[in-house]
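J.:
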Amino acid sequence: MKSAIYYKSKKITLNVIIHLFLLSVAVTCIYPLLWMVVSSLKTQETIFSDLSLIPRQFHFENYLLAWKEGGFGKNFLNSIFYTVSVVGGIVIVATMAAYAFARLRFPGRNVLFIMFMAAMMIPIPGSFVALYVLLNKLHLRNTPLGYILCMINVGLSTSIFLLKTFFDKMPKELEDAARIDGCSKLGIWWHVALPLAKPVLAVVVVFNALNVWNEYILALIIFDSRKFMPLQVALQTFQGEFVTNYPLLMAGLTITALPIIVVYLLMQKYIVKGVTAGAVVG
Amino acid sequence: MKKNSCFRIFCLLASFIFLLNFSGCGTGPSDSSTITIWHWMTDRDASFQALAKQYEEQTGIKVDFELYAPSDAYSQKVRAAAQGSTLPDIFGILGEKRDFASFIKAGHILDLSSYMNESQGAWKNRFFKKALAVNEFSEQNSYGVTPGIYGVPIDIMTIQMVYNKDLLKKLGANPNKPPVNFDDFISLGTKIKENNLQGLVSGWGELWMVDCLANNYAFNIMGKDKVIATIKGEVPYTDPDWVKVFTLFQQMRESGILAEGIVTMVNKTAEQLFATGKAVFAFNGSWCVNVYKGMNPKLNYGAMLPPRAAQNYPVSIWGGAGSSFMVNARSAKKDAAIKFLKWLTDKEQQVYLADHTFNLPANKDSIGRIPEVMAQFADDVELSTHPNTWGVSEFPAVIETLDRGLQSIIIGEKTPQQVAAETQKVKEREMAKRR
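Heads up: the protein sequence lines correspond to chains A and B, in order.
Be aware that the first sequence starts at 23, since it is given in this note's numbering, and climbs by one per residue.
Be aware that the second sequence starts at 28, since it is given in this note's numbering, and climbs by one per residue.
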């Protein structure tokens with residue numbers, strides 16, 4: 023019979039291995055972020071000559087310079103506006119569509135759903151020229167509305183897929199009870215389906231917010247006016263064809279990363295629930 | 028309760044639709060007198076804006092430089108705009124000459140020949156010949172484009188070698204006389220190893236740079252005509268002269284002159300190694316002046332031609348127009364756009380651009396007023412060549428096989444003869460496909 027010491031030491035060894043592994047993963051994730059913050063406080067010269075993680079001199083003025091030279095003020099507001107509008111649009115349309123796909127019986131339902139899923143397979147860069155020409159014909163090019171509609175379209179298929187998977191598993195008895203209480207289909211969607219789908223909605227919000235916040239190529243193609251550009255485009259100011267202004271770029275990246283980190287932290291507990299509920303796994 | 032909830036949903040949807048409609052207010056067409064220019068040159072944007080302001084003060088004509096970076100996204104935008112017929116008055120084309128040709132054939136780019144030749148070629152003559160060549164389509168070009176000049180060079184570039192003067196001195200060599208012959212160059216390999224330094228660094232992981240040096244030596248060993256004949260399929264890659272070119276890379280490996288990991292090195296890493304004084308030589312473009320200045324302003328270095336491997340033909344380097352602007356053939360402001368480009372390529376504006384952006388000016392009269400190392404790069408522009416000016420293009424599959432073969436030689440995986448045979452095999456396959 024194995025002694026208690028054996029089991030204890032086995033447990034400790036296993037724990038040490040697991041923690042060492044997790045620690046190495048954590049370091050791999052955190053190090054690039056740390057390098058970004060540290061580099062944002064160095065000069066262009068010291069980034070290449072002083073490789074230490076604590077700079078000899080802290081250049082906090084890089085943040086002010088990045089904000090001013092990148093014209094971050096207006097672009098920052100634009101990014102917030104696009105993210106809120108697109109995520110709002112996706113949540114409304116995707117929840118309604120997913121609920122309809124899960125609960126309503128109508129002809130062509132499966133074909134329509136497969137078409138939505140097929141849209142997930144088309145990479146967005148492949149549709150740039152087509153989108154440009156379409157928006158141009160609709161007189162929506164160089165307008166925030168055109169960009170927002172495109173971005174809603176980009177995020178819809180994945181979001182509908184996630185939400186439909188959740189609604190499929192939702193007990194029908196809850197809806198029956200709501201119906202007995204006099205709820206319409208829209209009422210059930212609002213009072214029953216949406217509150218229950220909070221964890222999945224958190225996943226949808228965070229994934230799409232990340233996607234919109236980090237997007238810049240479509241914006242660059244659709245917009246001609248700098249005043250409509252999102253924050254990510256402003257970051258390109260520091261990255262030349264051959265020369266990159268690393269301190270300002272890193273300061274700009276730190277500024278850009280902060281809001282999305284805040285969104286993630288706020289939604290963290292729902293995301294964990296959403297993922298464990300099988301939302302992502304499907 | 029039911030009514031109340033439906034009302035809330037209605038309000039939510041209505042406010043969202045209102046938000047979308049509100050955000051639909053875009054900008055109308057730009058002012059009819061404004062010249063709009065699209066470009067991708069982030070590092071030159073501030074100087075362009077300053078010059079635009081200066082031009083407006085002088086002429087009253089507003090010039091709007093619109094920056095779209097990075098260059099990949101810029102190219103996509105230009106392609107999309109061409110499809111939608113919304114190209115600006117002036118723009119640049121990135122990519123290969125066949126892309127340039129397709130824009131011309133689609134009627135998007137104005138033929139500038141008549142403007143260039145006005146007043147006994149006053150505009151044309153201010154440029155380095157090689158700078159114009161990239162924008163020129165000659166008689167019987169293989170692209171089927173009407174002969175003419177279709178672009179205005181803003182600056183030029185050459186790809187050469189640079190050497191660290193302090194490190195060369197440390198190795199016991201004359202810091203003002205870098206090696207001129209290939210044998211002298213590779214003989215430094217042993218000393219470099221002994222001093223724990225890196226020899227030659229370059230972005231050969233990006234393939235096109237190793238291709239560039241191989242072409243330089245091909246021109247030096249067999250001359251331009253034989254290189255062109257090879258591209259046309261008249262000379263095989265198994266020709267002894269080509270094997271000689273490939274053997275140079277084997278000799279470089281064996282001598283220890285090449286930096287460790289050069290095969291997978293990206294140019295950014297190579298620039299960092301050279302700027303921080305860890306490497307003696309670098310093979311890089313003239314844009315490096317600006318890069319090294321940012322990384323290490325005190326770096327003591329000079330530019331040199333790749334050391335000669337043969338005496339029969341001169342060493343050719345890749346170069347020509349760095350960046351060029353084209354005029355939209357469908358623009359209503361063609362004449363104003365051309366006037367502005369003439370002004371932008373005047374001596375004063377070219378010196379201003381060189382001083383502020385550290386790019387070599389396209390106007391040859393400006394050379395006397397630029398820093399020494401830039402002048403060293405510019406001096407050799409007449410020795411430059413570029414695949415875009417040859418009138419024929421090699422198959423991409425052949426270029427890739429040749430470049431990957433050179434990498435294999437450098438890591439000692441293949442012999443020059445093997446690479447020559449493999450490249451020729453791909454060449455024959457591609458030619459058979461074309462037939």
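The beta carbon of each residue, even a glycine, is placed where N, CA and C say it ideally should be.
(1) CB A:ILE277 to CB A:TRP89, shorter than 8 Å?
(2) Expressed to the nearest angstrom, what Euclidean distance is found between the alpha-carbon atoms of A:ASN233 and A:ILE146?
(3) A:ASN37 lies in the alpha helix (DSSP H); which residues open and close that run?
(4) Return the first residue and the last residue of the alpha helix (DSSP H) that A:TYR238 is part of.
(5) Does the stretch 218-235 of chain A come close enough to the stretch 63-70 of chain B to have 3 or more Cβ pairs within less than 8 Å?
(6) In chain order, what residues of the same chain lie with their CB nearer than 8 Å to the CB of B:LYS259, ignoring the 5 residues before and after it?
(7) If we ignore side chains and look at the alpha-carbon of each, how far apart do A:VAL115 and B:LEU234 end up?
(8) Taking all protein chains shown into account, decide if B:HIS135 is buried (16 or more other Cβ within 10 angstroms of its Cβ) or exposed.
(9) So which residues of chain A does B:GLY111 contact, with C-beta pairs closer than 7 Å?
(10) Less than 6 Å between C-beta atoms, sequence neighbours within five positions excluded: which residues of the same chain meet that for A:MET173?
(11) Helix or strand or just coil, what does DSSP make of A:PRO166?
(12) Would you mind reading off the limits of the beta strand (DSSP E) that contains B:HIS66?
(13) What residue does the beta strand (DSSP E) around B:GLY349 start on, and which one ends it?
(14) Just the Cα atoms here: how many angstroms apart are B:LYS441 and B:ASN323?
(15) From the beta carbon of B:GLY199, is the nearest beta carbon of chain A less than 8 Å away?
(16) Closest Cβ-Cβ distance between A:GLU83 and chain B: below 8 Å?
(17) Between the beta-carbon of B:PHE155 and the beta-carbon of B:VAL354, is there less than 8 Å?
(18) Put A:GLN261 into one of helix, strand or coil per three-state DSSP.
(19) Using a beta-carbon distance below 8 Å, is A:GLY304 in contact with chain B?
(20) Could you tell me which chain A residues have their CB closer than 7 Å to the CB of B:GLY321, listed as they occur along the chain?
(21) Using the Cα positions of B:THR428 and B:ASP182, report the straight-line distance between them to the nearest angstrom.
(22) Please report the distance separating the alpha-carbon of B:GLN445 from that of B:LYS452.
(23) Leaving out the 5 sequence neighbours to the left and right, which residues in its chain are closer than 8 Å to A:VAL228 when beta-carbon positions are compared?
(24) Of the choices A:LEU126, A:THR117, A:TYR29, A:ASN97, whose alpha-carbon is the least far from that of A:PRO221?
(25) Alpha carbon to alpha carbon, how far is A:THR65 from A:PRO269?
(26) So with CB distances below 7 Å, who are the chain A contacts of B:ASN472?
(27) Identify the continuous alpha helix (DSSP H) that holds B:GLN434 and give its terminal residues.
(28) Which whole runs of the alpha helix (DSSP H) in the stretch 89-170 of chain A are 4 residues long or more, in chain order?
(29) Tell me which residue opens and which closes the alpha helix (DSSP H) that B:PHE209 is part of.
(30) Among B:ILE289, B:ALA364, B:GLY329, B:ASN168, which residue has its Cα nearest to the Cα of B:GLU399?
(31) Just by C-beta distance, which residues in the stretch 84-98 of chain B are closer than 8 Å to chain A?
(32) By alpha-carbon positions, which one of B:GLU457, B:SER358, B:ALA348, B:THR384 ends up nearest to B:LYS124?
(33) What does A:VAL151 reach in chain B if we use C-beta pairs closer than 8 Å?
(34) Would the stretch 273-286 of chain B count as touching the stretch 223-240 of chain B if we require 3 or more Cβ pairs under 8 Å?
(35) With 7 Å as the C-beta to C-beta threshold (strictly closer), list the residues of the stretch 186-217 of chain B near chain A in chain order.
(36) DSSP has B:SER393 in a bridge; who is on the other side?
T.: On the basis of the coordinates in this document:
(1) One-based indexing of the first sequence puts residue 277 of chain A at position 255. One-based indexing of the first sequence puts residue 89 of chain A at position 67. Closer than 8 Å, so yes.
(2) Along the first sequence, one-based indexing puts residue 233 of chain A at 211. Along the first sequence, one-based indexing puts residue 146 of chain A at 124. The alpha-carbon atoms of A:ASN233 and A:ILE146 are separated by roughly 12 Å.
(3) Working through the first sequence from its first residue, we reach residue 37 of chain A at position 15. Segment 26-61, the alpha helix (DSSP H) holding A:ASN37.
(4) Working through the first sequence from its first residue, we reach residue 238 of chain A at position 216. Segment: none, A:TYR238 is in no alpha helix (DSSP H) and carries neither H nor E.
(5) no
(6) Against the second sequence, residue 259 of chain B aligns to sequence position 232. Exclusion of the five residues before and after B:LYS259 leaves VAL419 as the residues of its chain whose Cβ lies within less than 8 Å of its Cβ.
(7) Residue numbering aside, residue 115 of chain A sits at position 93 when the first sequence is read from its first letter. Residue numbering aside, residue 234 of chain B sits at position 207 when the second sequence is read from its first letter. Straight-line Cα distance between these residues: approximately 47 Å.
(8) Locating residue 135 of chain B in the second sequence gives position 108, where the first residue counts as 1. When all chains shown are included, B:HIS135 counts as buried.
(9) Here residue 111 of chain B corresponds to residue number 84 of the second sequence, with the count starting at 1. Near B:GLY111 (Cβ distances below 7 Å), the residues of chain A are TYR154, VAL155, ASN158.
(10) Position 151 of the first sequence holds residue 173 of chain A. Closer than 6 Å at the Cβ level, and outside the excluded window around A:MET173, lie VAL108, VAL234.
(11) Residue mapping note: residue 166 of chain A aligns to position 144 of the first sequence, counting from 1. The answer is helix: DSSP assigns A:PRO166 an H, G or I state.
(12) Residue numbering aside, residue 66 of chain B sits at position 39 when the second sequence is read from its first letter. Its beta strand (DSSP E) spans residues 62-66.
(13) Numbered from its first residue, the second sequence carries residue 349 of chain B at position 322. Looking at the DSSP string, the run of the beta strand (DSSP E) that includes B:GLY349 is 344-354.
(14) Numbered from its first residue, the second sequence carries residue 441 of chain B at position 414. Numbered from its first residue, the second sequence carries residue 323 of chain B at position 296. If you draw a straight line from the Cα of B:LYS441 to the Cα of B:ASN323, it is about 38 Å long.
(15) Your numbering for residue 199 of chain B matches position 172 in the second sequence. No, B:GLY199 does not count as interfacial toward chain A.
(16) Working through the first sequence from its first residue, we reach residue 83 of chain A at position 61. Taking Cβ atoms only, chain B never reaches closer than 8 Å to A:GLU83, which makes this a no.
(17) Residue mapping note: residue 155 of chain B aligns to position 128 of the second sequence, counting from 1. Residue mapping note: residue 354 of chain B aligns to position 327 of the second sequence, counting from 1. Their beta carbons are not under 8 Å apart, which means B:PHE155 does not touch B:VAL354 by this criterion.
(18) Within the first sequence, numbered from 1, the residue matching residue 261 of chain A stands at position 239. In the structure shown, A:GLN261 sits in a strand (DSSP, three-state: E or B).
(19) Translated into the one-based positions of the first sequence, residue 304 of chain A becomes position 282. Reliability fails at A:GLY304, whose pLDDT of 41 lies under 50, so the model's placement of it is uncertain and no value is given.
(20) Numbered from its first residue, the second sequence carries residue 321 of chain B at position 294. Here the neighbours are GLN66, VAL265.
(21) For this step, residue 428 of chain B is matched to residue 401 along the second sequence. For this step, residue 182 of chain B is matched to residue 155 along the second sequence. About 32 Å.
(22) Your numbering for residue 445 of chain B matches position 418 in the second sequence. Your numbering for residue 452 of chain B matches position 425 in the second sequence. So the two alpha carbons sit approximately 11 Å from each other.
(23) One-based indexing of the first sequence puts residue 228 of chain A at position 206. Excluding positions up to five away in sequence, the list reads VAL285, TYR286, MET289, ILE293.
(24) Looking up residue 221 of chain A in the first sequence gives position 199. For A:PRO221, the nearest C-alpha among the options comes from A:THR117.
(25) Your numbering for residue 65 of chain A matches position 43 in the first sequence. Your numbering for residue 269 of chain A matches position 247 in the first sequence. In a straight line, the C-alpha of A:THR65 is about 6 Å away from that of A:PRO269.
(26) Here chain B covers residues 28 to 462 and nothing more, so residue 472 of chain B does not appear.
(27) Residue numbering aside, residue 434 of chain B sits at position 407 when the second sequence is read from its first letter. Unbroken alpha helix (DSSP H) run through B:GLN434: 423-437.
(28) The qualifying runs are 94-125, 131-141, 150-159.
(29) The residue you call residue 209 of chain B lines up with position 182 of the second sequence. Element bounds for B:PHE209: 209-221.
(30) Position 372 of the second sequence, counted from the start, is the residue given in the question as residue 399 of chain B. Ranking B:ILE289, B:ALA364, B:GLY329, B:ASN168 by Cα distance to B:GLU399 puts B:GLY329 first.
(31) Cβ contacts with chain A: GLU93, LEU94, TYR95, ALA96, PRO97, SER98.
(32) Along the second sequence, one-based indexing puts residue 124 of chain B at 97. Comparing Cα-Cα distances from B:LYS124 to each of B:GLU457, B:SER358, B:ALA348, B:THR384, the minimum goes to B:ALA348.
(33) Counted from its first residue, the first sequence places residue 151 of chain A at position 129. Ordered by position in chain B, the residues that pass the 8 Å Cβ test against A:VAL151 are GLN103, ARG106, ALA107, GLN110.
(34) yes
(35) none
(36) Position 366 of the second sequence, counted from the first residue, corresponds to residue 393 of chain B. Its beta-bridge partners do not exist; DSSP assigns none.
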